[in-house]
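Chains as they are written, first to last, in the working numbering: chain G, 9 to 273; chain A, 1423 to 1872.
Where a beta carbon is used, it is the ideal one built from N, C-alpha and C, also for glycine.
A quick note: this is a predicted structure, and the numbers were derived from the prediction, not measured.
First the structure, in the form of structure tokens, and then the observations on it.
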Amino acid sequence: MPADTPPTTGIAVEVHDVTVAYHRKPVLWDVDVSFPAGSLAAIVGPNGAGKSTLLKSILGLLPIASGRIEVFGKPLAQVRDLVAYVPQRESVDWEFPVSVFDVVLMGRFGRLGWFRRPSRADRDAADAALHSVGMTEFRDRQISQLSGGQQQRVFLARALAQDATLYLMDEPFAGVDAATEQSILEVLRTLQQQGRTVIAVHHDLQTVRSYFDFVAMLNLHLVAAGPIETAFSADNLKRTYGGRLTLLDEVTEAVRRGGTLPRSP
Amino acid sequence: MSELLRLITLQDSNTRMVLLGTGALGLAAGVIGALAVLRRRALVGDALAHAALPGVCVAFLVFRERSLPLFLLGALVFGVLGVLTMNAIRRFTRIKEDAAIAIVLGSFFGLGIALSGIIQRLPSGNRAGLDGFLFGKAAGMVQADVTLIAASSALALFGVVALYKEFKLVGFDRAFAGSLGWRVSLLDLILMCLLAIVTVVGLPAVGVVLMAALLIIPGVTARFWTDRLAPHLALAGFFGMLSGLIGSALSAVLPAPESSLSRGFPTGPLIVLVAGSLFVLSLLFAPRRGLIARWRTARRLQQHIDDEHLLRDLYELQEANTPATLASLTARRTWRKGSLQSALRRALANADVSDRSAIFTLTDSGLTRAVRVIRSHRLWELYLHEHAGVAPDHVDRDADLIEHFITPELLAKFEAQLALGDGDALRTGAALGVPLSLHPPGSSTSEARP
Chain G
9 MPADTPPTTG IAVEVHDVTV AYHRKPVLWD VDVSFPAGSL AAIVGPNGAG KSTLLKSILG
69 LLPIASGRIE VFGKPLAQVR DLVAYVPQRE SVDWEFPVSV FDVVLMGRFG RLGWFRRPSR
129 ADRDAADAAL HSVGMTEFRD RQISQLSGGQ QQRVFLARAL AQDATLYLMD EPFAGVDAAT
189 EQSILEVLRT LQQQGRTVIA VHHDLQTVRS YFDFVAMLNL HLVAAGPIET AFSADNLKRT
249 YGGRLTLLDE VTEAVRRGGT LPRSP
Chain A
1423 MSELLRLITL QDSNTRMVLL GTGALGLAAG VIGALAVLRR RALVGDALAH AALPGVCVAF
1483 LVFRERSLPL FLLGALVFGV LGVLTMNAIR RFTRIKEDAA IAIVLGSFFG LGIALSGIIQ
1543 RLPSGNRAGL DGFLFGKAAG MVQADVTLIA ASSALALFGV VALYKEFKLV GFDRAFAGSL
1603 GWRVSLLDLI LMCLLAIVTV VGLPAVGVVL MAALLIIPGV TARFWTDRLA PHLALAGFFG
1663 MLSGLIGSAL SAVLPAPESS LSRGFPTGPL IVLVAGSLFV LSLLFAPRRG LIARWRTARR
1723 LQQHIDDEHL LRDLYELQEA NTPATLASLT ARRTWRKGSL QSALRRALAN ADVSDRSAIF
1783 TLTDSGLTRA VRVIRSHRLW ELYLHEHAGV APDHVDRDAD LIEHFITPEL LAKFEAQLAL
1843 GDGDALRTGA ALGVPLSLHP PGSSTSEARP
């Protein structure tokens, strides 16, 4: 069982020289990064930097043009039951005729395989997951009646029901209220304390340092990766966000001097 | 008339058979179509049906005999060919899906019409019965046809029952299904195959032109009645079956058009008309989601708001020692036409208000209710003013938009936050816990309501 002996040491995900292309245009270029097991890791970078693409490549949802990805030292196909996924909230149709509980129960479908129906134990696991994100009272609601924060909690509960060792999350904090943000963070920390690994695409640079302990900074290629203390530096941020942050600095500087921006030649 | 009696009592074995076939077909089409709609593949059925017509013609030209299994085989081959062409166009060009569907649907259908024109001029052409494939002719079905339709429908339904969990997840969240290691494209392919089977066996009864309607309408209709997948599919099947049964029964009793080559009214239009009627009935009368239910909810809410406004106005006029007449009430806010009068009627009937020679006064029960309303209004005003920094002359309007939704729990929170009871803000009505209005009485005409 994955939950009994989660590999807390070593490498959880190794991305080795991976290039991914859509219609022959590269969206990830020669990315080489290892996420340590047991870490709470953030993937940051500007829009279109390939953050979601990296996550989907690890999950095998996108074909890799070159390179290799290993999860716990093995090809994904051998360890798929150890991996849970929280897609972006906007990626699904929330008008679909299912209840909150139906969605959470989907977290058990992976271990069931085709044709088999969820058992009593699966339903209990789904209820427990729903409870741990504080959504029990919404169990029988239709999903279109949820707020953005509640939708995110439901997706998180579905991943918890998977009882995985590695959690891959695409912007779990996007568009949620402050209370939900805190309770999601609590869930992520609990997962880490249980020795599980969490890798999340994150967009809020303000909270990277306080929420995560490992960061991979991405802008088509990997700019930097490592423990927050060393990797999440102003210098690396500038290199990740490129011209825009540099320009911002220039503007700030110009405003401070009380002058105008230097004219381009 | 006697024919209708014969039909209803199912005396005619041929009618029994036709009804069995169209009923089974409607059931399967409803269920599979509902899944296709949820998977955003509804128009694939349309393209498939239209693309199948040249297949039927080619089958006749090759084998020179009217044989339903051969026709359906031809239809299946061309239908699938059409869908593959569509996918290829979408994949290898920048043409979007709707345009790709239109290209394939139109071209294949055009080819089919051209081929059937050639067949009609052949000596054996009339025997082909191709006109039935355009708009459906259930009356032409024989025992073997019905067996084929029933068996195919059963196969499709079995597929849905076996792969229910899989279709549910793939329909809702493809990426997640893929992350479980499921072969999403294989599941899509299976659904498309089931769709193709049901579509093709539906052609003799419903016809290529309207088959898509039988696939799409029952599923959309079912959505008005439920928001769970299993009941949704079951209802879609039920509506489809009902359409098939009633539609083909009608075609048996209606006189055939003069131009028609064979007996009976075309079945397809009647089946689809029944399905469309069920849709309109659901659209209007479904509880909660139906138009009438939604209109009534909106009206009840509006009345509730009007009632609270009236109570508040009466209280505030009383506060200012102004007699409440129809004129002074009308002047206080922009009432919709007749809404003040009907609010007054309700209040009088409820004995919240008494009418003494056209001057309206709150009764004891009315006063209690008015105090409750005005308390939440003014507490909310105070809260907006003190905590949200809204200017006093804007407070009334902002308060108006929200106050009707304030719950007792929220009210208690406002009171705690505003630390009421220290006297200053509460002169009039202090004993009842009503804080003073932030703006002079009678100045609340600035309120604008939609």
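Per DSSP, what kind of secondary structure is residue i in: helix, strand or coil?
i                   : result
Thr-1437 of chain A : helix
Lys-1559 of chain A : coil
Val-1480 of chain A : helix
Ser-74 of chain G   : strand
Val-1526 of chain A : helix
Asn-227 of chain G  : strand
Thr-1689 of chain A : helix
Gly-1448 of chain A : helix
Val-28 of chain G   : strand
Met-1633 of chain A : helix
Leu-1789 of chain A : helix
Val-106 of chain G  : coil
Glu-1487 of chain A : coil
Ser-1776 of chain A : strand
Ala-233 of chain G  : strand
Met-143 of chain G  : coil
Ser-127 of chain G  : coil
Gly-18 of chain G   : coil
Applying the 10 Å Cβ sphere with the 16-neighbour rule, what's the burial state of residue i?
i                   : result
Ser-1704 of chain A : buried
Asp-38 of chain G   : exposed
Gln-1724 of chain A : exposed
Ser-1575 of chain A : buried
Thr-1744 of chain A : exposed
Asp-1604 of chain A : Before going further, note that residue 1604 of chain A is Trp rather than Asp in the sequence given. Label assigned to Trp-1604 of chain A: buried.
Pro-71 of chain G   : exposed
Trp-1717 of chain A : exposed
For chain A, check one thing: does any of its Cβ atoms lie closer than 7 Å to the Cβ of residue i?
i                  : result
Tyr-249 of chain G : no
Leu-67 of chain G  : yes
Gln-88 of chain G  : Residue identity differs from the one stated: residue 88 of chain G is Arg in this sequence, not Gln. Cβ-Cβ to chain A under 7 Å: yes for Arg-88 of chain G.
Pro-1 of chain G   : Here chain G comprises residues numbered 9 to 273, so residue 1 of chain G is not present and cannot be evaluated.
Tyr-30 of chain G  : no
Met-114 of chain G : yes
Pro-273 of chain G : At Pro-273 of chain G the pLDDT is 38, less than 50, meaning the model places this residue with poor confidence and gives no usable figure here.
Whose Cβ in chain G lies nearer than 9 Å to the Cβ of residue i?
i                   : result
Thr-1648 of chain A : Pro-105
Glu-1588 of chain A : Phe-117, Trp-122 and Phe-123
Ser-1601 of chain A : Lys-64, Leu-67, Gly-68, Leu-69, Arg-88, Val-91, Ala-92, Tyr-93, Pro-95, Gly-118 and Leu-176
Name, please, each residue of chain A whose Cβ falls closer than 8 Å to the Cβ of residue i.
i                 : result
Ser-99 of chain G : Asp-1595 and Ala-1597
For residue i, which option in the options has the closest C-alpha, if you only look at C-alpha atoms?
i                   : options                                           : result
Gly-1659 of chain A : A:Ala-1474, A:Val-1642 and A:Leu-1672             : A:Val-1642
Leu-23 of chain G   : G:Ile-72, G:Arg-76, G:Ala-29 and G:Asn-55         : A quick correction: the sequence has Val, not Leu, at residue 23 of chain G. Comparing Cα positions, the closest option is G:Arg-76.
Phe-1580 of chain A : A:Gly-1551, A:Ala-1597 and A:Ile-1612             : A:Ile-1612
Ala-49 of chain G   : G:Ser-241, G:His-210, G:Thr-248 and G:Arg-247     : G:His-210
Arg-161 of chain G  : G:His-139, G:Ile-51, G:Gln-86 and G:Ile-236       : G:His-139
Leu-1503 of chain A : A:Ser-1489, A:Pro-1491, A:Lys-1518 and A:Ile-1523 : A:Ile-1523
Ala-1497 of chain A : A:Ala-1521, A:Ile-1525, A:Phe-1530 and A:Ala-1510 : A:Phe-1530
Val-141 of chain G  : G:Leu-199, G:Val-216 and G:Ser-60                 : G:Leu-199
Leu-1762 of chain A : A:Ala-1771, A:Thr-1752 and A:Leu-1770             : A:Thr-1752
Asp-101 of chain G  : G:Gln-150, G:Val-91, G:Arg-124 and G:Arg-128      : G:Gln-150
Asp-148 of chain G  : G:Val-108, G:Val-79 and G:Val-223                 : G:Val-108
Residues of chain A with CB under 7 Å from residue i, in chain order?
i                  : result
Thr-150 of chain G : First, the residue type needs correcting, since residue 150 of chain G is Gln and not Thr in the sequence shown. Correct list: Asp-1649.
Tyr-219 of chain G : Under the 7 Å cutoff, chain A gives no residues; its nearest Cβ is about 23 Å from Tyr-219 of chain G.
Would residue i count as contacting chain G if we go by Cβ distances under 7 Å?
i                   : result
Ala-1656 of chain A : no
Leu-1591 of chain A : yes
Ala-1584 of chain A : yes
For a contact meaning CB atoms closer than 9 Å, what does residue i contact in chain A?
i                  : result
Met-177 of chain G : In chain order: nothing, as chain A lies at least about 11 Å away.
Ala-187 of chain G : In chain order: nothing, as chain A lies at least about 16 Å away.
Ala-85 of chain G  : Gly-1603
At a CB-CB cut-off below 8 Å, which residues of chain G make contact with residue i?
i                   : result
Arg-1758 of chain A : What Arg-1758 of chain A touches in chain G: nothing, since even the nearest Cβ is about 30 Å away.
Ser-1607 of chain A : Here the premise fails: no neighbours, minimum Cβ distance about 12 Å.
Gly-1712 of chain A : The premise fails here: Gly-1712 of chain A is roughly 16 Å from chain G at the closest Cβ pair, so nothing lies under 8 Å.
Arg-1461 of chain A : Under the 8 Å cutoff, chain G gives no residues; its nearest Cβ is about 10 Å from Arg-1461 of chain A.
Arg-1645 of chain A : Pro-105
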